[in-house]
Amino acid sequence: MPLSLPQVKRVAWLARIEITDAEAAAAQGHLNDIFRLIEQMQSVDTEGVAPMAHGQDVVQRLREDRVTESDQHTLYQAIAPQVEDGLYLVPKVIE
Amino acid sequence: MDWETVIGIETHAQLSTVSKIFSGAATQFGAPPNVQACAVDIALPGVLPVLNKGAVERAIRFGLAVGGPEVISRRSVFARKNYFYPDLPKGYQISQFELPIVTGGAISILTQDGEKTVRLTRAHLEEDAGKSLHEDFHGMSGIDLNRAGTPLLEIVSEPDMRSAEEAVAYAKALHALVRWIGICDGNMQEGSFRCDANVSVRRPGAALGTRREIKNLNSFRFLQQAIEYEVRWQIETLQDGGSIQQATVLFDPDTGQTRMMRTKEDAHDYRYFPDPDLLPLVVSDETIEQIRCELPELPQAKRERYIRDHQLSAYDAGVLTSSREVADYYEDLVKALGGGHKLAASWITGEFFGALKRAGLEISQSPIGSRQLAGLLQQILDAVISGKTAKDVFDAMWNGEGEAAAIIEAKGLKQISDAGELERVIDGVLAANQKSVEEYRAGKEKAFNALVGQAMKATRGKGNPAQINEILKKKLAR
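Chains A and B supply the protein sequences, listed in that same order.
So the mapping is simple: the working numbering equals the position in the first sequence, first residue as 1, plus 3.
So the mapping is simple: the working numbering equals the position in the second sequence, first residue as 1, plus 75.
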């Protein structure tokens with residue numbers, strides 16, 4: 004199932020990546036190479052094999068419910084482009 | 076022609092952990108902006124999420140309460156839900172998609188037609204986003220990430236509700252349950268419990284209509300109003316020959332209307348995939364069993380027990396199990412009384428709730444504790460005072476005048492149960508009210524009540540009403 008050029012552009016837009024037409028064409032080639040590899044892998048018989056959700060066959064460790072972090076917002080906000088009253092300021096986006 | 080309303084509800088319940096779901100930052104409400112947003116919450120490069128055991132335990136508690144061990148997934152997976160918004164610093168929300176921690180279960184609600192079961196589709200763990208403030212920042216938006224990473228349990232119902240009233244009954248039952256099992260404080264003003272309603276209409280028996288989702292309803296009243304408006308709007312649209320487009324809408328409490336937020340065409344494409352930063356969550360049978368042992372008796376079980384063992388009405392049993400605080404109060408009361416279930420129930424649901432409501436108090440703020448109320452009810456059971464006098468004593472107790480026994484003593488309210496004394500009083504009443512006596516003997520039942528009233532008046536309300544009744548009947552029968 005090869006990807007069309009509009010599909011490549013849509014994926015780029017969803018990821019907020021700006022690409023030129025030339026870059027989109029190149030990305031289409033790369034992505035379709037990966038898709039061909041996946042198609043090849045899909046010919047393997049996986050009947051009865053439970054899908055893994057992670058590359059490593061280990062399980063999640065849990066943290067105790069305790070507050071371990073202290074307030075460091077002035078430090079974090081030192082690298083923010085704009086702050087006011089402890090808030091990060093960003094261009095207005097209203098959904 | 077009739078229309079049938081179909082409603083499903085998604086609820087976000089904020090879990091009552093002290094720290095966030097994937098970081099050790101605090102979750103306390105109302106902190107100054109960003110002081111509770113750590114490196115993980117604001118998504119600095121290189122940080123990794125570590126799952127909070129307290130959040131997992133609360134989700135398990137919920138699963139046990141709505142369905143038992145079989146609805147809890149022994150293995151569940153966290154996924155990334157991708158979208159861009161300034162209050163979501165990672166560019167994705169960590170949620171659960173294909174393998175949620177709870178699958179199935181049910182909540183029972185009380186409707187006009189009796190008890191009804193609302194099935195649950197699932198409940199999954201996820202993190203909350205931060206908050207955007209759009210006012211007063213010279214055309215910019217202010218971002219507070221304190222809420223980012225707060226643990227949520229999203230509870231999804233099947234489309235089993237058929238009216239706004241049923242939707243509200245479901246939301247209330249769910250709200251009471253999450254508070255009952257101690258997983259969520261249920262504070263709706265602070266956003267700890269918020270509902271989205273999926274609403275559609277159809278001809279009875281037809282296939283499901285196209286639904287519109289009303290987002291972020293944070294009060295039961297808004298839930299009711301929003302659904303009622305939406306149902307009316309959908310029916311009118313269809314009757315005018317229009318069609319319903321799948322959409323997300325917002326409810327405006329000021330106008331009482333819903334308005335379009337986005338249509339299906341510009342719906343988000345979330346591109347869910349398993350989060351490589353988190354491993355599968357595995358829950359053992361032992362863990363589930365241990366949590367099950369710590370679970371309090373559930374409202375449903377209590378309700379049934381009160382009806383069966385305490386002979387309470389379904390209504391009283393329902394009211395007494397509306398919250399754990401109320402049930403605890405009732406149980407402490409009957410324990411102190413050593414019985415008197417019906418008396419206790421009628422006093423709590425009547426006089427006591429009335430006083431709380433008038434004073435605008437929660438049960439935890441009541442000036443009369445369960446042991447004190449037991450002291451008062453004991454006086455009724457011992458026939459020291461009548462139920463009527465008890466109400467005056469109750470008012471005095473409410474005003475902080477002390478314990479029931481002391482008030483009765485100080486005010487001389489002890490009822491007269493001395494048969495000789497009551498007979499003397501009643502003889503006087505009969506002599507003075509010959510007209511009523513004749514009317515009664517002529518078959519007018521009402522005249523009897525007038526005589527009882529006169530006897531109560533003559534004893535200044537202190538005559539034992541049961542005894543007065545008895546003596547009067549005896550004397551009139553002659």
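Ideal Cβ positions, reconstructed from N, Cα and C, are used throughout, including at glycine.
Quick check on the burial criterion: 16 or more other C-beta atoms within 10 angstroms. Buried or exposed for B/Phe427? Its Cβ being crowded by 16 or more others within 10 Å, B/Phe427 is buried.
B/Gly450 - containing alpha helix (DSSP H), residue span: Note, B/Gly450: alpha helix (DSSP H), 445 to 456.
Minimum Cβ-Cβ distance from B/Pro351 to chain A less than 8 Å: Judged by the 8 Å Cβ criterion, B/Pro351 is in contact with chain A.
Can you pull out the residues from the region 71 to 97 of chain A whose beta carbon lies closer than 8 Å to at least one beta carbon of chain B? Identification of residues in the region 71 to 97 of chain A having a C-beta nearer than 8 Å to some C-beta of chain B yields Thr71, Glu72, Asp74, Gln75, His76, Tyr79, Gln80, Gln85, Glu87, Asp88, Gly89, Leu90, Tyr91, Leu92, Val93, Pro94, Lys95, Val96, Ile97, given in sequence order.
Meets three-Cβ-pair contact criterion under 8 Å: the region 334 to 351 of chain B and the region 370 to 381 of chain B: Counting Cβ pairs under 8 Å, fewer than three are found: no touch.
Just the Cα atoms here: how many angstroms apart are B/Val357 and B/Gly284? Each residue's alpha carbon lies about 38 Å from the other.
Option nearest B/Arg133 by Cα separation, candidates B/Leu497, B/Thr362, B/Val504: Residue B/Thr362 is the option with its Cα nearest to B/Arg133.
From the DSSP secondary-structure annotation, give me the bridge partner or partners of B/Ser151. Its beta-bridge partners are B/Leu356.
State yes or no: is the beta carbon of B/His87 nearer than 8 Å to at least one beta carbon in chain A? It does not; no Cβ of chain A falls within 8 Å.
Do you know whose CA, among A/Ile41, A/Leu17, A/Val86, A/Ser73, lies nearest B/Ala114's CA? Of the candidates A/Ile41, A/Leu17, A/Val86, A/Ser73, the one whose C-alpha sits nearest the C-alpha of B/Ala114 is A/Ser73.
Under 8 Å by beta carbon: chain B residues contacting A/Gln45: Those within 8 Å of A/Gln45 in chain B number zero; the least Cβ separation is about 17 Å.
According to DSSP, is B/Tyr158 helix, strand or coil? Correct three-state label for B/Tyr158: coil.
Applying the 10 Å Cβ sphere with the 16-neighbour rule, what's the burial state of B/Ala209? Rather than Ala, the amino acid found at residue 209 of chain B in this sequence is His. The residue in question, B/His209, is exposed, as its Cβ has fewer than 16 Cβ neighbours within 10 Å.
Helix, strand or coil for B/Asp502 per DSSP? The answer is helix: DSSP assigns B/Asp502 an H, G or I state.
Assuming B/Asn109 and A/Leu90 are in contact, meaning their beta carbons sit under 8 Å apart, how far apart are those beta carbons, in whole angstroms? Right, their Cβ atoms sit about 7 Å apart.
Given that B/Val59 touches chain A, what residues does it touch there, using C-beta distances under 9 Å? This structure cannot speak to residue 59 of chain B, because chain B is shown only from 76 to 553.
State the start and end residues of the unbroken alpha helix (DSSP H) segment that holds B/Phe295. That run of the alpha helix (DSSP H) goes 295 to 314.
Quick one: does B/Lys128 have its CB under 8 Å from some CB of chain A? At a cut-off of 8 Å between beta carbons, B/Lys128 contacts chain A.
Give me the DSSP bridge partner(s) of B/Ile22. One cannot answer for residue 22 of chain B here, as it falls past the ends of chain B, which runs 76 to 553.
State the start and end residues of the unbroken beta strand (DSSP E) segment that holds B/Gln89. From DSSP, the beta strand (DSSP E) with B/Gln89 extends over 79 to 89.
Which residues, in chain order, does the region 198 to 210 of chain B contribute to contact with chain A at a C-beta distance below 7 Å? Result list: Leu208, His209.
Output yes if chain A places a C-beta closer than 8 Å to the C-beta of B/Ile117; else output no. Interface residue, yes.
Could you give the first and the last residue of the continuous alpha helix (DSSP H) run that contains B/Lys128? From DSSP, the alpha helix (DSSP H) with B/Lys128 extends over 128 to 141.
According to DSSP, is B/Ala272 helix, strand or coil? Note: B/Ala272 maps to strand in three-state DSSP.
Quick check: what's the CA-CA separation for B/Ser359 versus B/Met336? Roughly 42 Å between the two C-alpha positions.
Quick one: is the Cβ of B/Ala101 within less than 7 Å of any heavy atom of the ligand ZN? With respect to the ligand ZN, the structure shown offers nothing to examine, as it has no ligands at all.
Compare the C-beta of B/Phe212 against all C-beta atoms of chain A and say whether one is closer than 8 Å. It does; some Cβ of chain A falls within 8 Å.
For a test of the three-state rule: what should DSSP assign to B/Ile423, helix, strand or coil? The answer is helix: DSSP assigns B/Ile423 an H, G or I state.
Leaving aside the five residues before and after B/Leu292 along the sequence, list all residues of the same chain whose C-beta is less than 8 Å from its C-beta, in chain order. Closer than 8 Å at Cβ, skipping near neighbours: Arg269, Cys270, Asp271, Ala272, Leu298, Ala301, Phe326.
Let me make sure I understand the geometry here. Which of B/Arg194, B/Ala101, B/Pro442, B/Asn262 has the alpha-carbon closest to that of B/Tyr404? Closest by alpha carbon: B/Pro442.
Rounded to the nearest angstrom, how far is the Cβ of B/Ala204 from that of B/Arg222, given a contact under 8 Å? Correct: roughly 7 Å between the Cβ atoms.
Buried or exposed: B/Phe137, going by 16 or more other Cβ atoms within 10 Å of its Cβ? Burial state of B/Phe137 is buried, judged by a 10 Å Cβ sphere holding 16 or more other Cβ atoms.
Does DSSP classify B/Glu288 as helix, strand or coil? Assigned with DSSP and collapsed to three states, B/Glu288 falls in strand.
Classify B/Lys463 as buried or exposed, calling it buried when 16 or more other Cβ atoms lie within 10 Å of its own Cβ. Burial state of B/Lys463 is exposed, judged by a 10 Å Cβ sphere holding fewer than 16 other Cβ atoms.
Using the C-alpha atoms, what's the distance from A/Pro94 back to B/Asp260? Distance between B/Asp260 and A/Pro94, taken at the CA atoms: about 34 Å.
Using 8 Å as the Cβ pair cut-off and three pairs as the minimum, do the region 225 to 233 of chain B and the region 82 to 97 of chain B touch? In the pairwise beta carbon analysis, the region 225 to 233 of chain B is classified as touching the region 82 to 97 of chain B: at least three pairs are separated by under 8 Å.
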